[in-house]
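Enquirer: Take this structure first; my questions come after.
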Amino acid sequence: MSNSDAQSSTSDLRYVQYHGSKESTYLPAIRQLISKDLSEPYSIYVYRYFLYQWGHLCYMALDPSGNLIGVVVCKLEHHRSGTFRGYIAMLAVQEAHRGKGIATQLVCMAIDAMAERDADEIVLETEVTNTASLKLYERLGFLRSKRLHRYYLNGNTAFRLVLYLKAGTGMKRPQQLDDSGELPAQYGYSATSFDEIGVRDGHPVLEGSQVP
Amino acid sequence: MHVLRHDGQGLDEAKLVEDTSRLADPTKRYSSNKIESDVVCKFPNGDGNDQPKSAVPCQLPLRAVPKPTINRDVKAWDITEKFTQASLALNTGQLVKDEYFTLFESIGALEIMDPKMDSGFLQPGETLEDDYDALKPLLPEEVIGIMDQLLCYEMAWHQGYPLSQTLFTSVYIDKLLWPDPRSLEEAQFYRGDVKLATEAMHDILRAYCLAIIKCCDFVITKITSRDYFEEEDFCTHTYNRQLLTQVPLDFILHELELAMKFIETDQTSPISAELKYALLARLEFRRALLIALFPDYSASFLDKYWPPVSDTLPRIEATHKFGRPVPGSFSTKLQRRLASTVPPRPVVELEFKDAFEKLVQLCVDCEEAVRYTYLEPSPQEYQSFIWAFASRKPQPLAYARSYLSNFIFSSNNEVFEHLLREDLRSLVFPEDQVLDPVNWTIESPRNPMMPKDKRLQMASLIDEFTNRAIQNYHELWTALCQNRCRMRRMLCHSMLAFDQLQSDAGVLDDDLHALSSDIQQYPLITWVYHHKLRQIEWVVQLGFEQEIYLPDELPSMYYWLSKIAETRKRLLMTLLEFFERRQSKMEKGKKAEIEKAERVKEGKGYIESLLAEASGTKELAEALSSFYTHLAYLKLLPTPPRPFSNPSLRYELRMKPFLTLTPSEVFPFAELTAQLHPYGPYDNPNPKPNLSRILSDSVIWQYMDHAVKSAKEDFAKLKKLGAKAARAEGVKGSWEKGVQGCLLSCVAAGVAIATVKEICKGLGKEGVGGVEGMKKRLRVEIVEAGGDRVGKRYHEWWVVPKVVKL
Ligand SMILES: CC(C)(COP(=O)(O)OP(=O)(O)OC[C@H]1O[C@@H](n2cnc3c(N)ncnc32)[C@H](O)[C@@H]1OP(=O)(O)O)[C@@H](O)C(=O)NCCC(=O)NCCS
Chain A
1 MSNSDAQSST
11 SDLRYVQYHG
21 SKESTYLPAI
31 RQLISKDLSE
41 PYSIYVYRYF
51 LYQWGHLCYM
61 ALDPSGNLIG
71 VVVCKLEHHR
81 SGTFRGYIAM
91 LAVQEAHRGK
101 GIATQLVCMA
111 IDAMAERDAD
121 EIVLETEVTN
131 TASLKLYERL
141 GFLRSKRLHR
151 YYLNGNTAFR
161 LVLYLKAGTG
171 MKRPQQLDDS
181 GELPAQYGYS
191 ATSFDEIGVR
201 DGHPVLEGSQ
211 VP
Chain B
1 MHVLRHDGQG
11 LDEAKLVEDT
21 SRLADPTKRY
31 SSNKIESDVV
41 CKFPNGDGND
51 QPKSAVPCQL
61 PLRAVPKPTI
71 NRDVKAWDIT
81 EKFTQASLAL
91 NTGQLVKDEY
101 FTLFESIGAL
111 EIMDPKMDSG
121 FLQPGETLED
131 DYDALKPLLP
141 EEVIGIMDQL
151 LCYEMAWHQG
161 YPLSQTLFTS
171 VYIDKLLWPD
181 PRSLEEAQFY
191 RGDVKLATEA
201 MHDILRAYCL
211 AIIKCCDFVI
221 TKITSRDYFE
231 EEDFCTHTYN
241 RQLLTQVPLD
251 FILHELELAM
261 KFIETDQTSP
271 ISAELKYALL
281 ARLEFRRALL
291 IALFPDYSAS
301 FLDKYWPPVS
311 DTLPRIEATH
321 KFGRPVPGSF
331 STKLQRRLAS
341 TVPPRPVVEL
351 EFKDAFEKLV
361 QLCVDCEEAV
371 RYTYLEPSPQ
381 EYQSFIWAFA
391 SRKPQPLAYA
401 RSYLSNFIFS
411 SNNEVFEHLL
421 REDLRSLVFP
431 EDQVLDPVNW
441 TIESPRNPMM
451 PKDKRLQMAS
461 LIDEFTNRAI
471 QNYHELWTAL
481 CQNRCRMRRM
491 LCHSMLAFDQ
501 LQSDAGVLDD
511 DLHALSSDIQ
521 QYPLITWVYH
531 HKLRQIEWVV
541 QLGFEQEIYL
551 PDELPSMYYW
561 LSKIAETRKR
571 LLMTLLEFFE
581 RRQSKMEKGK
591 KAEIEKAERV
601 KEGKGYIESL
611 LAEASGTKEL
621 AEALSSFYTH
631 LAYLKLLPTP
641 PRPFSNPSLR
651 YELRMKPFLT
661 LTPSEVFPFA
671 ELTAQLHPYG
681 PYDNPNPKPN
691 LSRILSDSVI
701 WQYMDHAVKS
711 AKEDFAKLKK
721 LGAKAARAEG
731 VKGSWEKGVQ
741 GCLLSCVAAG
751 VAIATVKEIC
761 KGLGKEGVGG
771 VEGMKKRLRV
781 EIVEAGGDRV
791 GKRYHEWWVV
801 PKVVKL
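Note that the protein sequences, when read in sequence, are chains A and B. Counted the way full-length UniProt numbering counts, the first sequence spans residues 1 to 212. Counted the way full-length UniProt numbering counts, the second sequence spans residues 1 to 806.
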């Protein structure tokens, strides 16, 4: 439904799905583009972690000479909350090309791809002050579900954004929720939601910290 | 090991092995975080703690140099060659991933030779270690400068940044802490066996630094003793350094006193009086702070700890200008020597002005927290205080919060059980036989065949309930002590726990009813239900405060809030009737009964207060829901296109935390749609009757006006009943401010509604145009929440739009 929403001024761009065979061509450019907006870089393993398993959920915007203009990186797996959860891990567009709908187009393609693979929901985090990003996702249908205090290494706070793709997602429950009436570990204090992993352990956080 | 081939600088893993072999030779000063972390697994004794014994002053020892000789069972092999061979079989970028390679690990991985990740990587000409000489003579101005810089880092740490990016960048602190001093005596700016003569300025700075370190130790002790979230609230990581944990407080105080004495009595050195004054102020401040932070406080002097700290602050502020910074005495290079696997990170710079502000706030907040211990011991008074404290702006620092938590939770379980019973008493058992202390004094009959005394049975039932509920009750209090974001999320969980409790309480209620007919209907369920409903309201209200809801969600979220508040209102009305019945019955009794009636009447004030608040919430939420609905018809609410979503999916997402509640609170989507779309879809309203006609008629606006008016009356009543009835006397000022905020929100809502109504009057008339033209005549501003500052809303929980005529 969405692919046609892309704005026309960017018609000379090609939007392509990543593939492992293209690593040497694109990975350095992806790294460079993403890490520009991070206060700390991710190791190459982080990129490979996503691209190796979910390369098909990574989309790139390329200019006619094949330069990388924008990229979105995602994953999709069963979450312990009981849902089949998509996660947008990274998104960036080259500064000179921002505001033309390129990120919107990339995210739309990623959502379509995850929906096609039967995702229940898609989530991500973004800084509460990242107006462009909030606007982009909220325009597509994401809602804020919670505020995460000092989520990023630079001390900034984040919103968790969520998009439900299927009815009944809110009723899905962890498998372990049993008749003992005990709440699953997720409700405990030491909860380390997978997506929040970075904060808990003092490592760079996905979606990263924007350098002002 | 994740075997990867990586282009560029060669093989990561092979490189690692190579470096490892180099590390085994302690004379080679080459270090990298990655190496440290990985090597530790390979050499059992490399726990990061064993320092070389012969540390030579000024030659920094490497941390955690693994010494294979120590454990003779361990042998090291150089596998570089084998590894290189094996990995040649892989293509560049080819990933052989096993299921144990998680996102966590990928994030934890570091790349050797990447300057941003490899802390051992040296730029051309860069030295590995810092070469600042901690023994070089210092001017008093420089000592002041260093002290104030340390204070800045200390406050940055208090804000949540790790020691590695703050205090641990100080060469002086590093010298004192590493190698780990076996005694205070050993903690010197020079290290080693040879005693060196030091200068007075060094002694003064050392005393100050020792005190800072001890302060950090106390802070960590306090914070870790309570529920907190590492890295989110605070970083307790000390990178394997002992913060003088074993050194008694007195020893440090003694060092400070010696330093002060020296300054006071010194006749020989040419230090000017004002510099002496500045130095003394700082030492005195440290002394007072250290005593205030001491975890083993004396309860009878609690109010005497923080004022002396605050008293020293103006002197520090006034003399800050005398300081001369010594930037060389701080270095990020010191991070290389900390036991850590994270890459080097920038120092967190906090301006003195901001740091000082934080410090003042810390003192004020802690002083405020002490007031908790003087409150009238009632659960409601306590909770009012906790709410007020959590609502302070800026949000109290993690230390201040755990300082308060310490007073709340340090008491034993019995105290909390008592609070829970008091909570029951004030809501559902006013002057009730069920909670009569006598019930707990009755003994079981010797003969188990004999029936138990009813009073004893009641006591057992209440004990059973207390046992069942105490943990949930405790967790609710814990939730209220967290940072605001956490608070909202933990309340979601607490609410579900109360939901479970509610269904369990039914059995006990039945048993109670079998024992007595003169009690509130289903008292325990009622009590739990009230708490649960309140938590639902809080979750939604904190959502408004935290800007969770987008403007076009306001109609539905305020509708939801009004429904919950309405349910709570009904619950409270039955309670109020019960209180009234009991009061009038007791008034007719004997003298003792009449006295009780008086107390029931007083307790009734609390129910009335709750009722006024619930009712005001219901009315104002209803008014706002309706108002925002009409603004949506007028196309004055920004509404994103949302190609991937639809209203029912969003409703499901919003209601997710509440979907499983029993009795079911969430109403069907169709009901919501009907409620919020009285004239059909916003962008395609029913043609008949015409929307312009409807909106130009003042009748529809009257409904909102009426709700606002009712809300105002309710909040006015709440105000009149006062802080005492609300059981918020301990925080009267902030309670009154809160109620005033609600009242002002009503006024603002009334004004906004009137403005729109006025403009809508002309709708459909010539020259005014239809609904489409409203954008040109009116602008609606959603007032932002204040966040950590005092904001523009009258009350953070009431998003009243500002309507501007154009
Ligand atoms: C976020 C980012 C990917 C957006 O890329 P983009 O191609 O410019 O995005 P789009 O053009 O599709 O849409 C962005 C929307 O935000 C708006 N926007 C951009 N900057 C804005 C700002 N400072 N304030 C308000 N709105 C802004 C744009 O106008 C556009 O909305 P519109 O179409 O209604 O006008 C890009 O800004 C970026 O790379 N930022 C750095 C990395 C980052 O923040 N990643 C996201 C982390 S979650």
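Even for Gly, the Cβ is constructed at its ideal location relative to N, Cα and C.
Identify the residues that DSSP records as bridge partners of A:L124: which are they?
Expert: Counting from 1 along the first sequence, the entry for residue 124 of chain A is found at position 124. Paired residues: A:L161.
Enquirer: Any beta-carbon of chain B closer than 7 angstroms to the one on A:G188?
Expert: For this step, residue 188 of chain A is matched to residue 188 along the first sequence. Here A:G188 scores only 28 on pLDDT, less than 50, and its place in the model should not be relied on; the value that follows carries that caveat. Judged by the 7 angstroms Cβ criterion, A:G188 is not in contact with chain B.
Enquirer: Closer than 7 angstroms, CB to CB, is A:P174 near chain B or not?
Expert: For the purposes of this step, residue 174 of chain A is taken as the residue at position 174 of the first sequence. Not one chain B Cβ lies under 7 angstroms of A:P174.
Enquirer: Quick one: does B:Q361 have its CB under 7 angstroms from some CB of chain A?
Expert: Within the second sequence, numbered from 1, the residue matching residue 361 of chain B stands at position 361. For B:Q361, the answer is no, since every Cβ of chain A falls outside 7 angstroms of its Cβ.
Enquirer: In angstroms, rounded to a whole number, what distance separates the CA positions of B:V539 and B:L491?
Expert: On the second sequence, residue 539 of chain B is found 539 positions in, with the first residue counted as 1. On the second sequence, residue 491 of chain B is found 491 positions in, with the first residue counted as 1. So the alpha carbons of these two residues sit roughly 7 angstroms apart.
Enquirer: Compute every distance between the C-beta of B:D436 and the non-hydrogen atoms of ligand 1, then say whether any falls below 6 angstroms.
Expert: Looking up residue 436 of chain B in the second sequence gives position 436. No.
Enquirer: If you measure from the CB of A:L38, is any heavy atom of ligand 1 nearer than 6 angstroms?
Expert: As a first step, residue 38 of chain A must be located in the first sequence, where it is residue number 38. No, the Cβ of A:L38 stays beyond 6 angstroms of every heavy atom of ligand 1.
Enquirer: Looking only at its chain, what residues have a beta carbon closer than 8 angstroms to the beta carbon of B:K761, apart from the 5 residues adjacent to it on each side?
Expert: The residue labelled residue 761 of chain B in the question sits at position 761 within the second sequence. Excluding positions up to five away in sequence, the list reads S696, S698.
Enquirer: Please state whether the Cβ-Cβ distance between B:E796 and B:E545 is less than 7 angstroms.
Expert: Translated into the one-based positions of the second sequence, residue 796 of chain B becomes position 796. Translated into the one-based positions of the second sequence, residue 545 of chain B becomes position 545. Going by C-beta atoms, B:E796 is nearer than 7 angstroms to B:E545.
Enquirer: Report the CB separation of B:Y132 from B:S331 in whole angstroms; it is logged as a contact under 8 angstroms.
Expert: Position 132 of the second sequence, counted from the start, is the residue given in the question as residue 132 of chain B. Position 331 of the second sequence, counted from the start, is the residue given in the question as residue 331 of chain B. Confirmed, about 7 angstroms.
Enquirer: Using a 10 Å radius around the Cβ and a threshold of 16 neighbouring Cβ atoms, would you call B:K261 buried or exposed?
Expert: If you number the second sequence from 1, residue 261 of chain B lands on position 261. Exposed, since its Cβ has fewer than 16 Cβ neighbours within 10 Å.
Enquirer: Could you check whether the Cβ of A:K135 sits closer than 6 angstroms to any heavy atom belonging to ligand 1?
Expert: The sequence position of residue 135 of chain A within the first sequence is 135, counting from 1. Checking the Cβ of A:K135 against ligand 1 gives yes.
Enquirer: Roughly how many whole angstroms lie between the Cα atoms of B:P162 and B:R336?
Expert: Stepping through the second sequence from its first residue, residue 162 of chain B is reached at position 162. Stepping through the second sequence from its first residue, residue 336 of chain B is reached at position 336. Spanning the two alpha carbons is a distance of roughly 14 angstroms.
Enquirer: To which residues does DSSP link B:P678 through a beta bridge?
Expert: Taking the second sequence and counting its residues from 1, one reaches residue 678 of chain B at position 678. Partner(s): B:G680.
Enquirer: If we count Cβ pairs, one from each stretch, closer than 8 angstroms, do we get three or more for the segment 365–373 of chain B versus the segment 298–310 of chain B?
Expert: Touching, yes.
Enquirer: Report buried or exposed for B:A592, applying the criterion of at least 16 other Cβ atoms within 10 angstroms of its Cβ.
Expert: Sequence index remark: in the second sequence, residue 592 of chain B carries index 592 (1-based). Label assigned to B:A592: exposed.
Enquirer: For B:N472, count the other beta carbons within 10 Å of its own beta carbon; 16 or more makes it buried, fewer makes it exposed. Which is it?
Expert: As a working mapping, residue 472 of chain B is identified with position 472 in the second sequence. Buried, by the Cβ-count rule.
Enquirer: Is the closest heavy atom of ligand 2 to the C-beta of B:I144 under 6 angstroms?
Expert: Because ligand 2 does not appear in the structure shown, any question about it cannot be addressed here, the ligands present being ligand 1.
Enquirer: Measuring alpha carbon to alpha carbon, tell me which of A:F159, A:V71, A:T25 ends up nearest A:T131.
Expert: For this step, residue 131 of chain A is matched to residue 131 along the first sequence. Answer by Cα proximity: A:F159.
Enquirer: Please list the terminal residues of the continuous alpha helix (DSSP H) segment that includes B:L718.
Expert: Indexing the second sequence from 1 puts residue 718 of chain B at position 718. First-last of the alpha helix (DSSP H) with B:L718: 698–725.
Enquirer: Would you list the residues sitting across from A:Q17 in a DSSP beta bridge?
Expert: Taking the first residue of the first sequence as 1, we reach residue 17 of chain A at position 17. A:Y59.
Enquirer: Nearest chain B C-beta to A:P64 closer than 7 angstroms, yes or no?
Expert: To locate residue 64 of chain A, count along the first sequence from 1; it is residue 64. Output row for A:P64: interface = no.
Enquirer: Taking only the alpha-carbon atoms, compute the straight-line gap between B:T80 and A:S39 and give it to the nearest angstrom.
Expert: Here residue 80 of chain B is taken as the residue at index 80 of the second sequence, counted from 1. Here residue 39 of chain A is taken as the residue at index 39 of the first sequence, counted from 1. Going by the C-alpha atoms only, they are around 33 angstroms apart.
Enquirer: Could you round the C-beta distance between B:L176 and B:I213 to whole angstroms and report it? I think they count as a contact, below 8 angstroms.
Expert: On the second sequence, residue 176 of chain B is found 176 positions in, with the first residue counted as 1. On the second sequence, residue 213 of chain B is found 213 positions in, with the first residue counted as 1. The Cβ separation is near 7 angstroms, so the contact holds.
Enquirer: Spell out whether any CB of chain B is found under 7 angstroms from the CB atom of A:K36.
Expert: Here residue 36 of chain A refers to the residue found at position 36 when the first sequence is read from its first residue. Not closer than 7 angstroms to any Cβ of chain B, the Cβ of A:K36 fails to qualify, so no.
Enquirer: Given B:A728, which residues of its chain have a CB within under 6 angstroms of its CB, disregarding the five upstream and five downstream residues?
Expert: Sequence index remark: in the second sequence, residue 728 of chain B carries index 728 (1-based). Only S384, W735 meet the Cβ criterion.
Enquirer: Pull up the distance between the alpha-carbon of B:L637 and that of B:R282, whole angstroms please.
Expert: One-based indexing of the second sequence puts residue 637 of chain B at position 637. One-based indexing of the second sequence puts residue 282 of chain B at position 282. Approximately 55 angstroms, taken between the alpha carbons.
Enquirer: Pick from B:R789, B:P307, B:L456: whose alpha carbon is nearest that of B:E443?
Expert: Position 443 of the second sequence, counted from the start, is the residue given in the question as residue 443 of chain B. Per the Cα distances, B:L456.
Enquirer: Alpha carbon to alpha carbon, how far is A:L51 from B:R5? Give it in angstroms, no decimals.
Expert: Along the second sequence, one-based indexing puts residue 5 of chain B at 5. Along the first sequence, one-based indexing puts residue 51 of chain A at 51. Unreliable placement is indicated for B:R5, whose pLDDT of 30 sits below 50; the coordinate value is still reported in the next sentence. Whole-angstrom Cα-Cα distance: 15 angstroms.
Enquirer: Straight-line CA distance for B:R421 to B:H531?
Expert: Here residue 421 of chain B is taken as the residue at index 421 of the second sequence, counted from 1. Here residue 531 of chain B is taken as the residue at index 531 of the second sequence, counted from 1. B:R421 and B:H531: Cα-Cα distance of roughly 14 angstroms.
Enquirer: Between the Cα of B:S562 and the Cα atoms of B:L672, B:E199, B:P248, which residue gives the shortest distance?
Expert: Numbered from 1 along the second sequence, position 562 holds the residue referred to as residue 562 of chain B. When only C-alpha atoms are compared, the closest one is B:L672.
Enquirer: Thinking just about the alpha-carbon of each residue, which of A:G155, A:E138, A:V128 is nearest to the one in A:R147?
Expert: Translated into the one-based positions of the first sequence, residue 147 of chain A becomes position 147. Selected option, being the one with the closest Cα: A:V128.
Enquirer: In whole angstroms, what is the alpha-carbon distance linking B:E381 and B:M155?
Expert: Within the second sequence, numbered from 1, the residue matching residue 381 of chain B stands at position 381. Within the second sequence, numbered from 1, the residue matching residue 155 of chain B stands at position 155. Rounded to whole angstroms, B:E381 to B:M155 spans 31 angstroms at the Cα level.
Enquirer: Taking 6 angstroms as the cut-off, is the CB of B:R650 close to at least one heavy atom of ligand 1?
Expert: Position 650 of the second sequence holds residue 650 of chain B. No, Cβ of B:R650 sits at least 6 angstroms from all heavy atoms of ligand 1.
Enquirer: Is there at least one non-hydrogen atom of ligand 1 closer than 6 angstroms to the beta-carbon of A:A132?
Expert: Residue mapping note: residue 132 of chain A aligns to position 132 of the first sequence, counting from 1. The answer is yes for A:A132.
Enquirer: Tell me the DSSP secondary structure of B:F330 in three-state form.
Expert: Residue mapping note: residue 330 of chain B aligns to position 330 of the second sequence, counting from 1. Three-state DSSP puts B:F330 in a strand.
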